[in-house]
Every structure is written in C-alpha cells, then in structure tokens.
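Here the structure comes first, spelled out in structure tokens, and everything after it is commentary.
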Amino acid sequence: MPKLIIDDREIEVPAGTKVIQAAERLGIMIPRFCFHEALGSLGACRLCAVKFKEGPVKGIEMSCMVEARDGMVVSTTDPDAVSFRKWIIECLMLNHPHDCPVCDEGGHCLLQDETVSGGHGIRRYQGKKRTYVDQDLGPFVRHEMNRCIHCWRCRRFYQDFSGYRDLGALQIANRTYFGRFESGRLENPFSGNLIDLCPTGVYTDKPARFKGRRWNFERGPSLCPHCSLGCNTTGSARYREMVRQEARLNEDVNGYFICDRGRFGFDFANHPHRPRNARSAGEEVSWERGIETAAERLGAIVREAGPDAVLCVGSPRCSLETQVSLRELCRVSGWSAPRFFLESSTSRKVRSAVSKLDEGTAVSMRRIEDADFVLLLGADPVNEAPMSALAVRQAQRKGAAVAVVDPRPVFLPFPFDHLTVTPDRMDLCAAVIVKRALSGDNTATLSGEAAGFLESLPSGYPFDPELHSRMDGIAQALERSERPVIVCGTNIVGESTPGLAGDLAHLLGRTAKKAGLFYLLPGPNAFGAGLQSSTDDPISVLETLEGGKIKALLLVEQDLFRSQFDQERLDRALQNLDCLIVLDYLPSPSVEKADLVLPTTPLFERTPSTFVNQEGRLQQATPVHRGGTPISQVGCGSRPPRTFEDHVPGGDPKAAHEVLDELYRSLGSHERKPLTAEFGDWKAENRSALEDSSLVFVGDRVFSKDAPDKLFSSKITPTEPREKGMEVLSVDWTFGTEELSGYSRVAQKGESVPKLVLHADDAARLGLVEGDKAALQFDAGETILEVGIATNMASGVIVVPGHRLLERQVSAQQPTIVPDNRIRKI
Numbered sequence: 058m059p060k061l062i063i064d065d066r067e068i069e070v071p072a073g074t075k076v077i078q079a080a081e082r083l084g085i086m087i088p089r090f091c092f093h094e095a096l097g098s099l100g101a102c103r104l105c106a107v108k109f110k111e112g113p114v115k116g117i118e119m120s121c122m123v124e125a126r127d128g129m130v131v132s133t134t135d136p137d138a139v140s141f142r143k144w145i146i147e148c149l150m151l152n153h154p155h156d157c158p159v160c161d162e163g164g165h166c167l168l169q170d171e172t173v174s175g176g177h178g179i180r181r182y183q184g185k186k187r188t189y190v191d192q193d194l195g196p197f198v199r200h201e202m203n204r205c206i207h208c209w210r211c212r213r214f215y216q217d218f219s220g221y222r223d224l225g226a227l228q229i230a231n232r233t234y235f236g237r238f239e240s241g242r243l244e245n246p247f248s249g250n251l252i253d254l255c256p257t258g259v260y261t262d263k264p265a266r267f268k269g270r271r272w273n274f275e276r277g278p279s280l281c282p283h284c285s286l287g288c289n290t291t292g293s294a295r296y297r298e299m300v301r302q303e304a305r306l307n308e309d310v311n312g313y314f315i316c317d318r319g320r321f322g323f324d325f326a327n328h329p330h331r332p333r334n335a336r337s338a339g340e341e342v343s344w345e346r347g348i349e350t351a352a353e354r355l356g357a358i359v360r361e362a363g364p365d366a367v368l369c370v371g372s373p374r375c376s377l378e379t380q381v382s383l384r385e386l387c388r389v390s391g392w393s394a395p396r397f398f399l400e401s402s403t404s405r406k407v408r409s410a411v412s413k414l415d416e417g418t419a420v421s422m423r424r425i426e427d428a429d430f431v432l433l434l435g436a437d438p439v440n441e442a443p444m445s446a447l448a449v450r451q452a453q454r455k456g457a458a459v460a461v462v463d464p465r466p467v468f469l470p471f472p473f474d475h476l477t478v479t480p481d482r483m484d485l486c487a488a489v490i491v492k493r494a495l496s497g498d499n500t501a502t503l504s505g506e507a508a509g510f511l512e513s514l515p516s517g518y519p520f521d522p523e524l525h526s527r528m529d530g531i532a533q534a535l536e537r538s539e540r541p542v543i544v545c546g547t548n549i550v551g552e553s554t555p556g557l558a559g560d561l562a563h564l565l566g567r568t569a570k571k572a573g574l575f576y577l578l579p580g581p582n583a584f585g586a587g588l589q590s591s592t593d594d595p596i597s598v599l600e601t602l603e604g605g606k607i608k609a610l611l612l613v614e615q616d617l618f619r620s621q622f623d624q625e626r627l628d629r630a631l632q633n634l635d636c637l638i639v640l641d642y643l644p645s646p647s648v649e650k651a652d653l654v655l656p657t658t659p660l661f662e663r664t665p666s667t668f669v670n671q672e673g674r675l676q677q678a679t680p681v682h683r684g685g686t687p688i689s690q691v692g693c694g695s696r697p698p699r700t701f702e703d704h705v706p707g708g709d710p711k712a713a714h715e716v717l718d719e720l721y722r723s724l725g726s727h728e729r730k731p732l733t734a735e736f737g738d739w740k741a742e743n744r745s746a747l748e749d750s751s752l753v754f755v756g757d758r759v760f761s762k763d764a765p766d767k768l769f770s771s772k773i774t775p776t777e778p779r780e781k782g783m784e785v786l787s788v789d790w791t792f793g794t795e796e797l798s799g800y801s802r803v804a805q806k807g808e809s810v811p812k813l814v815l816h817a818d819d820a821a822r823l824g825l826v827e828g829d830k831a832a833l834q835f836d837a838g839e840t841i842l843e844v845g846i847a848t849n850m851a852s853g854v855i856v857v858p859g860h861r862l863l864e865r866q867v868s869a870q871q872p873t874i875v876p877d878n879r880i881r882k883i
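Below, the structure is given as structure tokens:
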C-alpha cells in the first residue's frame, strides 16, 4: 500500500485511494464541490487544489484526480494552493445571485462554507451576471439555476448513478444548463437526492420551502418506514410538525441516498385528521378513562366468552417493541397468539423467507452492488423497494448480468433480460436456470441434501421454445458468475416461491460461488413480524371473524379495510364483535369504525423504535421531536398562539408498546413487571431465552434458528393447465399503494392515475385500447380503471395497482381468475 505525507503527517492507504480521500483519513478536509464518495472524481470545480512538493507528481494539482503513491509529499496549506483555491471561489461567485437571505439552502450550504473558509469576502466583478430561466421540475424539487457553479453532481447522479435520462447537461462551457429539455415532472424516483447532493441552492426541497433554517429544526436520526429496506434518514421537525426527511449515510444499507417515497412520505405524521385523543363510542375521553374502558370491556368479554374470544392483530409497520409487547400481552392474558398479517398466505410466505436467511446468505444492498449476477424472482424493485433497484443498477454498471423472472411489465433503469412467465411458472423457470448453471464441474463439492435437491430440480422448460433459448443464456451467465444474488419478492409470488429462492441461493452457496439472498418483504418490520409469528394461521383474519367466535378485536397499527375488496363482507364480519379496539396514528377506516380508539405515535415521536429490515438487521429510530398537534393546525397560522397552557395540545398519544403496557397493567396487578422497556434492554435481559428458543443474534442482525433445519425442502410441482380467463395481480407502485405515504399530502402529489395494464394481444382480443375505461367485475362488485397497454409482460395477466384512489382493492394475496366476459369497456 502506498505511503505518503500530507501536511507533515504520514499515512498509508490502499492502492487506488485518491489524495483527497487519504487526507480525510487524517481528518484533513480538503475543500471540494464536485467530488462525492458515491459519485467519484471529476475535477470539474478545481477547488480541491493542493501543492505536491515531492514525489511522482509536482506542483498544483487537483487532489480528487490524483491517486496516492509512494513518496508523495502534499501540502494543503501551501500559499500557492491557498491562493489558487481563493481565486477559484471568486470565479465561481462571479455569476452567483447572492440571494442567501431567501435561499432554502442557507445554513447548510457548502458554497457558503467554502466561500467563507476560502477567504473570499470582497466582490470585484462589476459586470453583468449570467442568468438562466428556471424550470418547473414537479412537486418535489425546486429549480434555481442561477445559483449553479457547474459541479456536475446532479447530472452524474441522475444519469450515471441512477440511470434516468430526462435531466442532464445542456448547452456548453460557461453557459452549461442543468435541467430538462422542457419543464416537466422529473421521472426519476430518486430525484430528491439532487437536494442533498447539490452544494448550492439549485435544487431545494419544494415541500419544505421557507419552513425554516437548519438551526430552527429539531433533528434526529430516523428510519424510513415505507418498505422493508430500512434506509437511514435524518428527520427535521419544527413547531411539532415533521417538515423534512433527508438521507443519512449508512454504508451497509442505503449508502448516501434514499428514494422519493422515503423522502416525501413523512407527512402522514402531520395528517390533520390523525387521532390524537382517546375516543369511546365516538366521544373524546381522557387518556386514563380510555385505558380503563378498554380493560373493562376486554375483561368482561373474557369472563363471558373465555380468553379465546379475544383476537389481537398487529402489523408489519409496528416497531419490534410493539410486536414483542403484543405477543407478551397475549401470552400472559391467556389469549391466542397475535396475528401480524391479515392473510395467512402472507404470513406463511414471510415466515418461509425469514427461515431461509442466515449469516452466510443474507446480503445487504451494498453487497448487491458487488454482485456479478442478479436474478430477480417475482420482484419489481422500483415499485416495491426502490433503493434495491439503485443497488442492482450499481452492480449492472460494474458488469453484472441481470435477469428478471416476472409476469409484470417491470421497468429498471438499465438493460436486463426479462422472462415474462405467468406466476404459476416462475418457480419452474428459476429452478431450470439454476439446474443448468450447475450442470458442470462446479457441482463436485455438493453432497448429501444439496446434491439430492439439485438432482430433484427439473432440467427442462416445456412451454415456449424462444423462452427456452433465453433461459440457456441466463444459465450460462449464472454459471460464469462468482458472486450471484437472488432477489425474491413476496407480493405476487406463490407460497412456495420464497422457500425455493432460499434453497436455490443456499445451493449456489454450496458450490464455489459466494451466493447471496435478498427478500423484498411487505412492510418496514415484516421480518420482525415473521419472527414473532409463532404458529401458522390456517385462515385469514376475515375468515376468523366470520366464524363468530371472536367477540373482541384489538387492532394495533393495523387497518382491516386497506386491502379488502369486499368491504360489505368485512362490515358483516365486524358485526359479530362486541368490541373493536384500535391503537393507531392513522385516520384509517378501522379507526372510524372502532368502539374505542387509543392513539399512538409514529416512529418520529416520543420514544425510540426498533425495526428489523429484510436482511435481519436491527436498527433503531430515535425520536425527532416530542409530538403534539402541529402549531399550523392549532396556532395562529404558522406561528405559536399568544396563549399559555399547562399541556401540549394533542400530546396524549404514546408509543404503541407503552399503550399495551398500560393496558396490561390495567388488566391485572399493577405490580407486574412492564412488558418491555427499550428493546435493547429487553433483548439483553432475554438473550439467553431467545437463543434457546428460536432466534440467533449475530452482531446487529437477528435470524431464525429454524434456517439450517429447513434447507432444500422445496418441491417443484407440475404446472396444471390454468383455468380459462385473465389472472388479476394486485401490485405495488412507487406512489399511491404504500399505506403510510398514502396518508402523506406531500407524497400524494407524486401519484399517477391508477391503471389496469394488460398485454397488447389480450387488449386486442378484448377490444380495448390505451386510455379506455374498463371495469373488472367480481362476485362482490366491480372496480373501474383506465386501461394501459404493454408488450413487456406475460399474456393472460392483468396488472392492477393496490392504489388508495380505488374504491375497491383487488386482493394482493390470492390470484383471481376473471373470465373475458367480466372485463368490459365503459
């Protein structure tokens, strides 16, 4: 490794390290604008100039463009280097509008910092400034091109890093313009990262505009709750209101960036109709009375109908503290084990995925970036977990082959091989690809169960000859790979697919390959929910309620109506209840129908919250602010009222696990030990018991102990002829289908009109064209959508988003076959 001296301090760094990075290791921050760790070096801004005094390079050079080499002696404080940087700053400021008082970047602006530190304070240029016309870039990003210093960060991220082409560099030299060919909404679902990347105020956060300077905000490290990836964020709040969400660096998870859903979906915490007071029978009551009423109602039902008459249902968006508390409440009260998924099929798929992950196969998004082959099985990353698409993009940029086995019109911002097979044939397709890839000498190390499992896999695909040939090419790419990763979804796939994906990844790992496994799970803490689900639920929650045995239903941050198509059926099932108690922070239909509401707090407020992302990584979100009704909703406009009170308006809600603990103590002895404190303390106290039961802790990750015992148990069943008709799949979109962001007024601005998408051949057969209105008719009613046509999808399939704007949601859990005569043009 090369050794060099920077400012009289010696350092040894890995080969290929730039001088600017070597200086950072010594704590020396060389000024920069264009250089960024994720984007690399460009040498455009010329601000990182240093003096090379000795060694293979001499004179003033850009430290971001020169690799560290033996014998270099570098000075960042040499008068020539300092003078050069000061001159560069003055040149960059020639055309700047100096509008810091009205610029939202003020207070965290790199240009301000470097101008002051560079000693530039007197403006000598008296000529006419260069000016540009700003563009409307949509609801999220504000464009102020006159502030641009031509660092090229925006273009490099937008086109090179993320792969989108609708924004870039136009014109030439000093007139270079960074924008679109014409005004319009940015297509890139990661466009909000321009706000963080831009070192000036060219791109600023439009929803947070004029809401405060950095020093006005309460800020804290948080997590994104809008998918299972657990991206790290920094939240900002002011006057009891969340106003901004930014990316926070985590090298193992999201790196430097987050998606737009994660950045702009926070507004659910500010919803004007969010429950903030306990309610009983539609009337507000004190918090103490709400807890007492809940305990009284539950106690009475248990005495009259027995403990089995109480059903508790949590959700994948509950924190781990809440999930653990709910499980413990059910255990000590003698109630049946809690559910965390409304559909039993979802529970089985998630538990199957969790049981296949272990320390050797579970990979992070950073590991995906280093893969040389990625197989996406029933996964649509851009829509289901956007940042995973960005990770696969980086792997593809490094030369990885990417194959997608999925019936939907999957879009990824890079070239890939798409096998458009129907859901019932995805397992067979994936198994054949792996079987063919392992048909050579690389199977010599296999023995026992692994060899038997490989032998059991089918070697042929008897359907489409063209598809058969393309599978050969994919298998050859997999055979050549050394670091393959299988990314498996859990939405449209069958119950057998997550288990098969895990077995295939473990099979590849038993050869000379360093194989990885990555699941897209249905919620920010679906992994935790899978760990807490102790038994298989044979029937759904709705079917359980229809049985009539359940008299009290306790919903914890769960909405029964969100994905229910036949809402009349659900209403009838709820009539069997004597009491519906809901703990939530969303103004959901379940909250509206509840007999008793106990409001809870989201992860931004009050107490730390622990979540387990899709790779089993335990992460904690610390509270950004204390909570309470935003000043904008109870004050004088955007300013606090000129009155004094002895309480915080809307300050009653507590974290769900705190509410459960109060309910627990109200149901029995007040001397009982609390259900759970902060999860870190709880884990430490119960670690030995947990490890003796079903969990294994490896550093900051947790896995199921069942994983080694359930390997190579998948079976590929012969595909039966499918019933005639079109198979309807309920899918996710980046905006409009995810629950929390659906309550965000900011994120709603990014939604598109929900469409029914089908193959061009099917559309022609049904007499439909792009833009038509069509109705899907089911026994329980119909749903009406605009028609979209695609050719990059499987024939015989209809894709419908589970969009919040649809009055009736098609179930995402069970495939539905609709005869042609039930698809009609309106």
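Numbers given in this note's numbering equal positions in the sequence shown, counted from 1, plus 57.
From the three backbone atoms N, C-alpha and C, an ideal C-beta is built for every residue, glycine too.
Using CA coordinates, which residue listed in the options is at the minimum distance from residue i?
i: A460; options: A442, N440 and M483; result: M483
i: E827; options: C375, R199, F769 and I883; result: I883
i: W790; options: T774, V803 and G807; result: G807
i: G587; options: S372, G859 and D137; result: S372
i: I348; options: A820, G853 and L653; result: L653
i: C369; options: E361, R360, E385 and A357; result: E385
i: D415; options: A351, E345, L768 and E506; result: L768
i: T403; options: G509, P555, R301 and G84; result: P555
i: V76; options: V639, T133 and P687; result: T133
i: G708; options: W344, R126 and R408; result: W344
i: P595; options: R331, R396 and R354; result: R396
i: E118; options: R696, D137 and D127; result: D137
i: E124; options: E147, L577 and A72; result: A72
i: P256; options: L797, C102, R881 and V810; result: C102
i: Q380; options: S445, R454, S393 and G585; result: G585
Report the CB separation of residue i from residue j in whole angstroms; it is logged as a contact under 8 Å.
i: G604; j: R297; result: About 43 Å separates the two Cβ atoms, so there is no contact after all.
i: V449; j: L469; result: 7 Å
i: V875; j: G799; result: The pair is not a contact, with the Cβ atoms about 25 Å apart (cut-off 8 Å).
i: P480; j: P466; result: About 14 Å separates the two Cβ atoms, so there is no contact after all.
i: A95; j: S120; result: That pair is no contact at about 18 Å.
i: D429; j: E539; result: 6 Å
i: K812; j: V854; result: Their Cβ separation, rounded to whole angstroms, is 14 Å, which puts K812 and V854 out of contact at 8 Å.
Looking at residue j and residue i, is the spacing between their C-beta atoms short of 8 Å?
i: F152; j: K115; result: Correcting the residue type first, residue 152 is Asn in the shown sequence and not Phe. No. Outside cutoff.
i: D161; j: D309; result: no
i: I68; j: R89; result: no
i: A558; j: G573; result: no
i: Q216; j: R210; result: no
i: V681; j: R142; result: no
i: Q671; j: S140; result: no
i: D324; j: G249; result: no
i: I549; j: L383; result: no
i: P687; j: P332; result: no
i: A713; j: C375; result: yes
i: R237; j: L251; result: no
i: A352; j: L833; result: no
i: P581; j: T547; result: no
Report the partner residues of residue i according to the DSSP bridge assignment.
i: A419; result: L574
i: A106; result: M119
i: S761; result: L752
i: F835; result: G838
i: S337; result: E340 and L653
i: Q302; result: G292
i: V459; result: V431
i: T261; result: R199
i: V856; result: L786 and V814
Confirm the yes/no value for this check: CB of residue i, any heavy atom of the ligand MG, distance under 7 Å.
i: R346; result: Summarising the ligand content, the structure contains no ligands, and the ligand MG is consequently not present.
Checklist entry - Mind pulling the alpha helix (DSSP H) runs of 4 or more residues that sit fully within the stretch 336–418? => result 344–362, 377–390 and 401–413
Checklist entry - If you scan the stretch 459–492 from start to end, which runs of the beta strand (DSSP E) of 3 or more residues do you find wholly inside it? => result 474–476
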